[in-house]
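As structure tokens, the structure follows; a few thoughts come after it.
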Amino acid sequence: MFGRRRGLETAGSAGRSTSATLTLPPAAGLLSCHVLDTVHQPVRQARFEVTDPIGRRIVTGETDPYGSFTALLPEGEYRVSVTAEGYAPFHGATLVGDGAQPGAAEIILEPVEPPLLPQPGHWELDPGHSAIAFTARHIGFARIRGRFNTFAGAVRIADRMEDSSMHVIIDAASIDTGVRLRDDHLRSADFLDAARYPTVEFYSERFIHRSGSKWAVAGALTLHGTSRSVTLDTQYLGLGTGLEGEPRAACRATAELHREDFALNWQSMLAQGIAAIGSSVEVELDVQIVRKA
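Taking my numbering, the leading residue of the sequence shown gets 54, the next gets one more, and so forth.
Below, the structure written as structure tokens:
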């Protein structure tokens, strides 16, 4: 069963019909849970996962606006995990079917403090402990992964984090997918045209706090001579101290770009009518910043 200290119970198989329109099959039970915070308010859009005793995933999903989820499962033992932004993860065991206690389980999530934000001042990106990578579709199903090897950046942390700003500049010619012939093509006028547009630049316009450690960084990306608004979905990872005692902060960010938005229109079609290169590119950033002296 779930831990007693959390006051959790699970639905049994007694009463195979739970409503006028829902009848449980033989040898099945209904797992029903309410996910609440410490003042018994529902936690919406919490992620839940139900696995069997050997760790195989059985069902996943999100809680509804009332903090609830239900799952129809074969009788047996299961483990339930629940995660939500700003709360400590929950893991517990439960029994579904014969021998299970009837009723809906209550899962109480304990809040956690968000990580401390960097101190106001001027910080700079540490290229040796950061990465700017991308993934593009190839021939409709495969993935090509690459990165930019040369970049720099500055971040100004304001007294109010939302008023902070950042500027990142990337050497377009440093693109690297691990294949020299392909990289030369990507640097050519068919794609980045690095001879005419040697840099890719991002200027932030605002920092937006979403919840817990999640932020959005909105700004303008200039690529191939074209500027477009881009939002980085960002998870702030917290503060740390480097080997020389220097303060560091880290974050992870993602964005999806469309080549056509930046006039990167080169395309080759395969005989089956499949595009050789997909139109969307997924960008991933793992960033560490250090405080400037």
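Beta carbons: idealized from backbone N, C-alpha and C, even for Gly.
Buried/exposed call for residue i, threshold 16 Cβ in 10 Å
i: Thr287; result: buried
i: His311; result: exposed
i: Val232; result: exposed
i: Thr116; result: buried
i: Leu83; result: buried
i: Gln172; result: exposed
i: Thr91; result: exposed
i: Gln341; result: buried
i: Leu162; result: buried
i: Thr147; result: buried
i: Ala346; result: exposed
i: Leu296; result: exposed
Cβ-Cβ distance between residue i and residue j below 8 Å
i: Ala135; j: Phe143; result: The question names Ala, yet the displayed sequence has Val at residue 135. A contact, by the Cβ cut-off of 8 Å.
i: Glu337; j: Thr307; result: yes
i: Val103; j: Tyr140; result: no
i: Val133; j: Gly145; result: yes
i: Ile107; j: Leu126; result: no
i: Val221; j: Leu178; result: yes
i: Ala157; j: His87; result: yes
i: Val270; j: Glu299; result: no
i: Glu313; j: Ser332; result: yes
i: Leu292; j: Arg301; result: yes
i: His175; j: Ala205; result: no
i: Ala137; j: Val96; result: yes
i: Phe201; j: Asp224; result: yes
Residue i, DSSP secondary structure in three states
i: Ser241; result: coil
i: Thr136; result: strand
i: Pro171; result: coil
i: His87; result: strand
i: Glu313; result: helix
i: Arg200; result: strand
i: Asp179; result: coil
i: Ala306; result: strand
i: Ala157; result: coil
i: Arg235; result: helix
i: Asp105; result: coil
i: Ala186; result: strand
i: Ser19; result: Nothing about residue 19 can be reported from this structure: the residues present for the chain run from 54 to 346 only.
i: Glu115; result: strand
i: Ser217; result: coil
i: Val343; result: strand
Problem - Unbroken stretches of the beta strand (DSSP E), 3 residues or longer, contained in the stretch 256-285 - result: 267-276
Handout entry: Segment contact, 8 Å Cβ cut-off, at least three pairs: the stretch 246-261 with the stretch 205-223
Key = yes
Practice task
Please determine if the stretch 247-254 and the stretch 264-279 are in contact, where contact requires at least 3 C-beta pairs separated by less than 8 Å.
Solution key: yes
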